[in-house]
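K.L.:
These protein sequence lines are chains A and B, in that order.
The C-terminal position of the first sequence is numbered 388 in our numbering, with every residue numbered one higher than the one before it.
The C-terminal position of the second sequence is numbered 157 in our numbering, with every residue numbered one higher than the one before it.
All C-beta atoms in this analysis are idealised placements derived from N, C-alpha and C, irrespective of residue type, glycine included.
First the structure, which I've put down as structure tokens, then a few questions once you've had a look.
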Amino acid sequence: MARLELDEVTKVFDTKAETIVAVEELDLDIDDGEFIVVVGPSGCGKSTTLRMIAGLETVTDGEIRLGGERINEKSPKDRDIAMVFQSYALYPHKTVHQNMAYGLHLSTDLDDEEIDRRVQQAAEMMGIEDLLEKKPSSLSGGQQQRVATGRAIVREPSLFLFDEPLSNLDAKLRKHMRTEISRIHSEVGITTVYVTHDQEEAMTMADRIVILNDGKLQQVGSPKQVYHEPTNYFVADFIGSPSMNFLDVELERNPDGAGTITSEDFSYDVSNRLLEPIDTSTSSLIFGIRPEDVRIDSQAPPEKTVELTVDVVEIVGSDNFIYLDLAGREFRVRAGSEVEPEEGDVVDVTFDEDDVHLFDSRTEEALVHGYSDASVTTPVERSDTTAD
Amino acid sequence: MTIPVYEVFYFLKLVNTLPGIIIALSIFVLPQNIWLLQGFFRQGIPENIEEAALIDGHNELTAFLRVVLPLSLPAVAAAALFAFLTAWNNFLWVFVLTTDEATRTATVAIYYILGSDVLREWNVLMASLVLLVAPPVIFYGLSRRYVGAGLGGTPGD
Chain A
1 MARLELDEVT KVFDTKAETI VAVEELDLDI DDGEFIVVVG PSGCGKSTTL RMIAGLETVT
61 DGEIRLGGER INEKSPKDRD IAMVFQSYAL YPHKTVHQNM AYGLHLSTDL DDEEIDRRVQ
121 QAAEMMGIED LLEKKPSSLS GGQQQRVATG RAIVREPSLF LFDEPLSNLD AKLRKHMRTE
181 ISRIHSEVGI TTVYVTHDQE EAMTMADRIV ILNDGKLQQV GSPKQVYHEP TNYFVADFIG
241 SPSMNFLDVE LERNPDGAGT ITSEDFSYDV SNRLLEPIDT STSSLIFGIR PEDVRIDSQA
301 PPEKTVELTV DVVEIVGSDN FIYLDLAGRE FRVRAGSEVE PEEGDVVDVT FDEDDVHLFD
361 SRTEEALVHG YSDASVTTPV ERSDTTAD
Chain B
1 MTIPVYEVFY FLKLVNTLPG IIIALSIFVL PQNIWLLQGF FRQGIPENIE EAALIDGHNE
61 LTAFLRVVLP LSLPAVAAAA LFAFLTAWNN FLWVFVLTTD EATRTATVAI YYILGSDVLR
121 EWNVLMASLV LLVAPPVIFY GLSRRYVGAG LGGTPGD
């Protein structure tokens with residue numbers, strides 16, 4: 001186990017045609033035993049970051065330290081890491097047992113008996129004891145994924161790296177493996193960096209989430225933090241499903257400090273408590289509200305209500321996703337299954353001021369979040385992941 | 001083109017020697033083998049397998065020798081078969097570079113049997129042809145299992 005530090009790590013791909021900055025001055029400090037999920041859209045630099053940590057990609061600038069020691073120049077085999085690839089990368093000509101034991105044979109001087117014991121132990125942990133003599137080609141995708149994870153566990157490395165390991169599995173198996181990997185992490189307590197493009201995977205598995213876009217760090221925080229207090233428009237849009245509703249608005253302040261946020265077809269009164277942190281000269285804002293914080297309520301006060309037309313109603317069983325039309329833009333509402341308006345109905349939509357997010361329209365940085373979520377800014381408790 | 005090649009081999013004292021024949025035929029089959037194998041290495045073996053080997057404890061060279069090459073056995077077998085057939089059937093370079101019976105290959109030797117038009121010994125010629133055809137047939141029989149997979153571009157199980 002070890003602490004992983006990335007210090008202004010930069011990766012530039014220099015081809016004849018163009019220069020691509022894949023990762024730009026990335027600073028990260030990952031505690032011993034922590035489970036970090038790096039998330040972002042395709043091409044944001046998350047896999048490149050992981051490959052730099054693994055030693056499969058050189059670092060253009062900056063420093064990577066594992067357990068306090070600089071590892072930039074070390075070859076992958078000397079870094080004491082194990083990696084699970086998206087394609088599993090099992091050796092097709094070796095049996096499951098040989099696949100799992102191979103790394104131990106190469107990198108340790110353990111005797112065959114000890115290696116066998118460790119392979120058995122890892123196989124039991126992954127529930128693949130009866131597959132040990134099979135070749136990877138005769139296994140299903142889920143079984144191959146287990147073998148790949150088992151191959152990583154058996155090494156007992158300082159650091160686990162996962163590169164979108166569940167992307168090739170079907171939705172049900174993916175959810176199952178998600179909990180399996182979380183369980184294994186809490187059993188072995190090894191520092192883990194997990195890369196995914198699936199924000200749901202990130203929210204459910206991570207101690208802390210690292211969000212990247214265009215090679216730049218957007219936010220690092222607990223799942224609750226990034227959900228309730230996104231630092232900018234990108235994070236707010238990326239985290240949460242269905243994603244947050246946004247609207248370009250103007251802020252009109254009253255003499256008492258309160259105000260109204262308005263746009264075409266939209267007007268909503270806000271108190272001075274919400275507007276207090278916003279500079280008085282700022283008037284152009286992006287207003288954001290999560291679909292789950294919006295209610296369809298005909299009894300709500302008119303100054304807190306917006307009238308919208310129902311476009312589509314999606315029934316998913318537990319909830320209904322209602323898509324409304326707001327001046328030609330989509331406005332999403334996640335409502336209970338009992339709320340089922342007809343398409344074309346005009347409904348009154350309301351939400352609490354506590355759930356409103358306001359962003360600067362020029363910099364796209366967050367200016368204020370509804371104050372009911374202030375509690376999430378307290379330091380993250382991680383004792384459960386490092387206890388054993 | 002045969003004259004400059006002959007001159008180079010003559011200068012290097014490789015005319016009428018077995019190493020000379022081996023070098024000449026190797027050069028002749030090399031482009032075909034590079035073309036055949038590069039396609040396989042580029043597409044047949046996933047890059048992640050080599051990377052997994054690097055993390056497991058290999059360096060670039062041992063990862064290639066111990067992991068990539070065993071997986072490439074079908075392609076190597078296919079390339080070896082084609083190289084052997086091409087070299088075995090080659091007439092021109094051996095004919096140009098040898099005058100000695102001791103260094104002559106079977107293909108050229110047959111030509112000399114055929115070449116005597118005073119009394120053509122058909123029985124000797126036909127018997128020689130059977131012997132000429134036998135090695136490729138045996139070699140193909142031995143490597144047949146791998147060749148199909150090699151040409152298909154999929155790594156062996």
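Identify every residue that forms a DSSP beta bridge with A/Lys216.
P.N.:
For the purposes of this step, residue 216 of chain A is taken as residue 216 along the first sequence, with counting starting at 1. Its beta-bridge partners are A/Asn213.
K.L.:
Going by Cα to Cα distance, which pick from A/Leu326, A/Ser75, A/Lys304 and A/Val333 is closest to A/Val316?
P.N.:
Counted from its first residue, the first sequence places residue 316 of chain A at position 316. Checked all of A/Leu326, A/Ser75, A/Lys304 and A/Val333; the closest Cα to A/Val316 is A/Val333.
K.L.:
Please list the residues of the segment 51-63 of chain B that have a C-beta atom closer than 7 Å to any C-beta atom in chain A, keeping them in chain order.
P.N.:
Glu51, Ala52, Leu54, Ile55, Asp56, Gly57, His58 and Asn59
K.L.:
Taking all protein chains shown into account, do 16 or more other C-beta atoms lie within 10 angstroms of the C-beta of A/Ala171, making it buried, or fewer, making it exposed?
P.N.:
For the purposes of this step, residue 171 of chain A is taken as residue 171 along the first sequence, with counting starting at 1. So A/Ala171 counts as exposed.
K.L.:
What in chain B is Cβ-close to A/Ile81, meaning under 7 Å?
P.N.:
The count along the first sequence starts at 1 and reaches residue 81 of chain A at position 81. Chain B residues near A/Ile81: Ile55.
K.L.:
Are there 16 or more other CB atoms within 10 angstroms of the CB of B/Glu30, so buried, or fewer, so exposed?
P.N.:
In the second sequence, counting from the first residue as 1, residue 30 of chain B sits at position 30. Looking at the sequence itself, residue 30 of chain B is Leu, so the reference to Glu does not match. Under this definition B/Leu30 is an exposed residue.
K.L.:
Please classify A/Ser318: is it buried, with 16 or more other beta-carbons within 10 angstroms of its beta-carbon, or exposed?
P.N.:
Counting from 1 along the first sequence, the entry for residue 318 of chain A is found at position 318. A/Ser318 comes out exposed.
K.L.:
Does B/Pro46 have its Cβ less than 7 Å from a Cβ in chain A?
P.N.:
In the second sequence, the residue the question calls residue 46 of chain B occupies position 46. It does; some Cβ of chain A falls within 7 Å.
K.L.:
Report yes or no: is there a C-beta of chain B within less than 7 Å of the C-beta of A/Lys11?
P.N.:
As a first step, residue 11 of chain A must be located in the first sequence, where it is residue number 11. At a cut-off of 7 Å, the C-beta of A/Lys11 has no neighbouring C-beta in chain B.
K.L.:
According to the Cβ coordinates, are A/Ile81 and A/Pro157 closer than 7 Å?
P.N.:
As a first step, residue 81 of chain A is located in the first sequence; it is residue number 81 there, counting from the start. As a first step, residue 157 of chain A is located in the first sequence; it is residue number 157 there, counting from the start. Yes, they are a contact pair.
K.L.:
Does any residue of chain B have a CB that is nearer than 7 Å to the CB of A/Gln103?
P.N.:
Position 103 of the first sequence holds residue 103 of chain A. The residue asked about is misnamed: residue 103 of chain A is Gly in this sequence, not Gln. Judged by the 7 Å Cβ criterion, A/Gly103 is in contact with chain B.
K.L.:
Buried or exposed for A/Glu229, going by 16 or more other Cβ atoms inside 10 Å?
P.N.:
The residue labelled residue 229 of chain A in the question sits at position 229 within the first sequence. It counts as buried.
K.L.:
Check whether the segment 192-202 of chain A and the segment 131-141 of chain A touch, using three or more Cβ-Cβ pairs below 8 Å as the test.
P.N.:
no
K.L.:
Would DSSP call A/Ser267 helix, strand or coil?
P.N.:
Here residue 267 of chain A refers to the residue found at position 267 when the first sequence is read from its first residue. Of the three classes helix, strand and coil, the one that applies to A/Ser267 here is strand, per DSSP.
K.L.:
Mind listing the chain A neighbours of B/Val67? Cutoff is C-beta to C-beta under 7 Å, in chain order.
P.N.:
Residue 67 of chain B sits at position 67 when you count from the first residue of the second sequence. By Cβ distance, chain A contributes Tyr91.
K.L.:
Work out the CA separation of B/Leu119 and B/Val130 for me, nearest whole Å.
P.N.:
Here residue 130 of chain B is taken as the residue at index 130 of the second sequence, counted from 1. Here residue 119 of chain B is taken as the residue at index 119 of the second sequence, counted from 1. In this structure, the alpha-carbon of B/Val130 lies about 20 Å from that of B/Leu119.
K.L.:
Mind checking if A/Phe85 is an interface residue toward chain B, Cβ cutoff 7 Å exclusive?
P.N.:
On the first sequence, position 85 is the one that residue 85 of chain A refers to. At least one chain B Cβ lies under 7 Å of A/Phe85.
K.L.:
So, is the C-beta of A/Pro76 closer than 7 Å to a C-beta in chain B?
P.N.:
Numbered from 1 along the first sequence, position 76 holds the residue referred to as residue 76 of chain A. A/Pro76 counts as touching chain B.
K.L.:
Straight-line CA distance for B/Pro136 to B/Leu85?
P.N.:
Residue 136 of chain B sits at position 136 when you count from the first residue of the second sequence. Residue 85 of chain B sits at position 85 when you count from the first residue of the second sequence. When rounded, the distance between both Cα atoms is 6 Å.
K.L.:
Residues bridged to A/Tyr194 by DSSP?
P.N.:
Here residue 194 of chain A refers to the residue found at position 194 when the first sequence is read from its first residue. DSSP, once it has assigned bridges, lists A/Val37 and A/Phe162 as partnering A/Tyr194.
K.L.:
Which residues mark the beginning and the end of the beta strand (DSSP E) in which A/Thr389 is found?
P.N.:
Given that chain A is displayed from residue 1 to residue 388, the structure contains no residue 389 of chain A and the question cannot be resolved.
K.L.:
For A/Tyr88, does the three-state DSSP call read helix, strand or coil?
P.N.:
For the purposes of this step, residue 88 of chain A is identified with residue 88 of the first sequence, where counting begins at 1. DSSP places A/Tyr88 outside both helix and strand once states are collapsed to three, so it counts as coil.
K.L.:
Where does A/Glu63 fall in DSSP's three states?
P.N.:
By one-based count along the first sequence, residue 63 of chain A stands at place 63. Strand, per DSSP.
K.L.:
Am I right that A/Thr15 and A/Val23 are in contact with their C-beta atoms under 8 Å? What's the rounded C-beta distance?
P.N.:
In the first sequence, counting from the first residue as 1, residue 15 of chain A sits at position 15. In the first sequence, counting from the first residue as 1, residue 23 of chain A sits at position 23. Wrong, their Cβ atoms sit about 16 Å apart, outside the cutoff.
K.L.:
Any beta carbon from chain A within less than 7 Å of B/Val147's own beta carbon?
P.N.:
For this step, residue 147 of chain B is matched to residue 147 along the second sequence. With a threshold of 7 Å between beta carbons, B/Val147 makes no contact with chain A.
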